[in-house]
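Peer 1: Take a look at the following structure, please.
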Amino acid sequence: MAQPKRIRHPLSSLVQMHCSIVGTCLTLKETQKIARHFRYPDDLAPYQLHTWLVEACSKLPLVAKHVQKHLCQKYRLAMNRIDAFASEELGRAWKDALRQGETAGTYWAIITRLDTPADVLARIFGDVHMMSHLQGAETRDELKELEPLRRDNEALKEQVQRLSGQVEAVRKEREELKRLLAGKEAETLDLKRKLAGSEERLAALAAGRDLERLKKENRDLAMKLAQEQKSRERLERRLLQETVRQLPGITLPPKLKHPAAVNSLVSEEEACPLPPGERCPRFNNKFILIVGGLDRLEPHYRSLVENDFGARFLRHDGDCKNGQARLARMVKRAEAVICPIDCNSHSASLCVKKVCKDLNKPCVLLRNSGLGVLKRTLSRLGEELPTVDEESLVDANRNN
217 MAQPKRIRHP
227 LSSLVQMHCS
237 IVGTCLTLKE
247 TQKIARHFRY
257 PDDLAPYQLH
267 TWLVEACSKL
277 PLVAKHVQKH
287 LCQKYRLAMN
297 RIDAFASEEL
307 GRAWKDALRQ
317 GETAGTYWAI
327 ITRLDTPADV
337 LARIFGDVHM
347 MSHLQGAETR
357 DELKELEPLR
367 RDNEALKEQV
377 QRLSGQVEAV
387 RKEREELKRL
397 LAGKEAETLD
407 LKRKLAGSEE
417 RLAALAAGRD
427 LERLKKENRD
437 LAMKLAQEQK
447 SRERLERRLL
457 QETVRQLPGI
467 TLPPKLKHPA
477 AVNSLVSEEE
487 ACPLPPGERC
497 PRFNNKFILI
507 VGGLDRLEPH
517 YRSLVENDFG
527 ARFLRHDGDC
537 KNGQARLARM
547 VKRAEAVICP
557 IDCNSHSASL
567 CVKKVCKDLN
577 KPCVLLRNSG
587 LGVLKRTLSR
597 LGEELPTVDE
607 ESLVDANRNN
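When we follow my numbering, the leftmost residue of the sequence shown carries the number 217, and every step to the right adds one.
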């Protein structure tokens, strides 16, 4: 159902209400705008502008029409809402507007209707009038309360400005710190790369120095080992010599100064007592084992044993590190064993003595490897001496 179209009073006819209409329904900015429209100074005090507009609406129809047109456009929705009420319902509509805080638009819509009851019109006019007084009192109270708030606000503005400046300074400092941090991180990465390279070079240098040090230590140890070996050999020879000296009844020829001179080693004085060209009958086809000696004299050892004494030649190099089995086999085949101590270690000589003792074979220890010593020893072995002198040629261990 379409709402009825309401007929309204022109603003110029509401002379007694111009003051309340202008003060309630128009803001100060709207009043200034209307003043500028009609070329009236808009920089006057609010009360002066209010007085001018109230009088203009009463005396200048053009101004009244302009203000009415403006208010109808501004409160069009409120007017449509109020037009839906019957005249006897306008009092209730006003109460609802008061409760909802929509007084300005509702006030304009009700007082301009032609059918608004006089009592309703008087009541809403009185309410607006009292609201202006109450609003003024409240405004004065609010102004009193507002002044310290304004001062606080100014102080807070100044504080905000200071804090804003501090924040800006902190922001700039933070940006600077970020820039410096980025630079430091780049420097750190560069230093890490340099450090890694330096560590590699130091490792290489250290490895080289360690290698040189190890080489030097190796050379020193090799020299020390050679010296210790020489010292050990001297001690072993001395020990074997002392062992030979302690054998009962054995007389060994004096040590030759140079055993390599074959012709000087074999002389008539040192020869076998048998006539030249004759062989010792006791060595006929029997094995004589020589343990150790000089490798370069082995052909002469063989010639002496086989050609001069008619025996069969056997030789063992004196190495017992891999066991005694081979030495034992050769000792079993031999009639006698001859062991020069100058070319054998102490342990090798003791090994020969032990094997000979176990197999009950005669073992003669010679001070050196010379042919003369060997020839005299073979001559004595070839003599048939039933006395104890013959027994002295064998290893004394058989009697111990």
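Ideal Cβ positions, reconstructed from N, Cα and C, are used throughout, including at glycine. As the structure is a prediction and not an experimental result, all values here were calculated from the model.
Ends of the beta strand (DSSP E) at C555?
Peer 2: 550–556
Peer 1: In angstroms with no decimal places, state the Cα-to-Cα distance between P578 and C555.
Peer 2: 11 Å
Peer 1: How should D605 be labelled, buried or exposed, when 16 other C-beta atoms within 10 angstroms of its C-beta is the threshold for buried?
Peer 2: Note that D605 scores 35 on pLDDT, short of 50, meaning its location in the model is unreliable and no value can be drawn from it.
Peer 1: So, at 6 Å on beta carbons, what are the nonlocal neighbours of E599 in its own chain, with the 5 sequence-adjacent residues on each side left out?
Peer 2: For E599, where only same-chain residues beyond five positions count, there are no Cβ hits under 6 Å.
Peer 1: Give the secondary structure of I326 by DSSP, where H, G and I count as helix, E and B as strand, and everything else as coil.
Peer 2: helix
Peer 1: Is the stretch 360–372 touching the stretch 252–259, taking contact as three or more C-beta pairs under 8 Å?
Peer 2: The stretch 360–372 is not in contact with the stretch 252–259.
Peer 1: Identify the continuous alpha helix (DSSP H) that holds H234 and give its terminal residues.
Peer 2: Residue range 234–241 is occupied by the alpha helix (DSSP H) that includes H234.
Peer 1: Just to confirm before moving on: does the CB-CB distance between L530 and F503 stay below 8 Å?
Peer 2: yes
Peer 1: Identify every residue that forms a DSSP beta bridge with H532.
Peer 2: V507
Peer 1: For L581, report the span of its beta strand (DSSP E) as first-last.
Peer 2: 579–582
Peer 1: Considering only residues of the same chain and omitting the five flanking positions on each side of H253, which have a CB-CB separation below 8 Å?
Peer 2: Taking H253 as the centre and dropping the five residues before and after it, the same chain places the C-beta of H282 closer than 8 Å to its C-beta, in chain order.
Peer 1: Just to confirm, are A313 and T322 a CB contact at a threshold of 8 Å?
Peer 2: yes
Peer 1: Are I237 and L244 touching if we call contact CB-CB under 8 Å?
Peer 2: no
Peer 1: Can you give me the start and stop residues for the alpha helix (DSSP H) that P333 sits inside?
Peer 2: Looking at the DSSP string, P333 is not in any alpha helix (DSSP H), and its letter there is neither H nor E.
Peer 1: Rounding to the nearest angstrom, what Cα-Cα distance links L437 and E444 in this structure?
Peer 2: 10 Å
Peer 1: Could you spell out the range, first to last residue, of the alpha helix (DSSP H) harbouring A309?
Peer 2: 306–316
Peer 1: From N584 to R435, what does the alpha carbon distance come to, in whole angstroms?
Peer 2: Approximately 32 Å, taken between the alpha carbons.
Peer 1: To the nearest angstrom, report how far apart G576 and A541 are at their CA atoms.
Peer 2: In the sequence under discussion, the amino acid at residue 576 is Asn, which differs from the Gly named in the question. Near 16 Å, if we compare the C-alpha coordinates of A541 and N576.
Peer 1: Provide the residue(s) that pair with R224 in DSSP beta bridges, ordered along the chain.
Peer 2: Residue pairing by DSSP places R224 opposite R329 in a beta bridge.
Peer 1: Smallest Cα separation from L597: which of I250, Q264, V521?
Peer 2: V521
Peer 1: Under 8 Å, do A544 and V580 count as touching if we go by C-beta distance?
Peer 2: no
Peer 1: Run through DSSP, which three-state label would Y517 get?
Peer 2: Of the three classes helix, strand and coil, the one that applies to Y517 here is helix, per DSSP.
Peer 1: Go through its chain and collect everything with a Cβ distance to I223's Cβ below 7 Å, but skip five positions before and after it.
Peer 2: These residues qualify, in order along the chain: L330.
Peer 1: Taking C-beta to C-beta, are C241 and V270 nearer than 8 Å?
Peer 2: no
Peer 1: Considering just the uninterrupted stretch of the alpha helix (DSSP H) at C559, what are its terminal residues?
Peer 2: No alpha helix (DSSP H) contains C559, which DSSP labels as neither H nor E.
Peer 1: Excluding five sequence neighbours on each side, which residues of the same chain lie with their C-beta closer than 8 Å to the C-beta of S483?
Peer 2: Note on S483: pLDDT 35, under 50, position unreliable in the model; the coordinate value appears next. Correct list, in chain order: G588.
Peer 1: Rounding to the nearest angstrom, what Cα-Cα distance links I557 and L451 in this structure?
Peer 2: 12 Å
Peer 1: Please tell me whether T240 has its Cβ less than 8 Å away from any Cβ of chain B.
Peer 2: Included in the structure is just one protein chain, with no chain B present.
Peer 1: Here's the rule I'm using: 16 or more other beta-carbon atoms within 10 Å means buried, otherwise exposed. How should Y263 be labelled?
Peer 2: Per the 10 Å Cβ criterion, exposed.
Peer 1: For the alpha helix (DSSP H) holding E246, just list the boundary residues, first then last.
Peer 2: 244–253
Peer 1: Please report the straight-line C-alpha distance between D574 and I506, rounded to a whole angstrom.
Peer 2: In a straight line, the C-alpha of D574 is about 18 Å away from that of I506.
Peer 1: To the nearest angstrom, how far is it from the Cα of K432 to the Cα of L396?
Peer 2: Roughly 52 Å between the two C-alpha positions.
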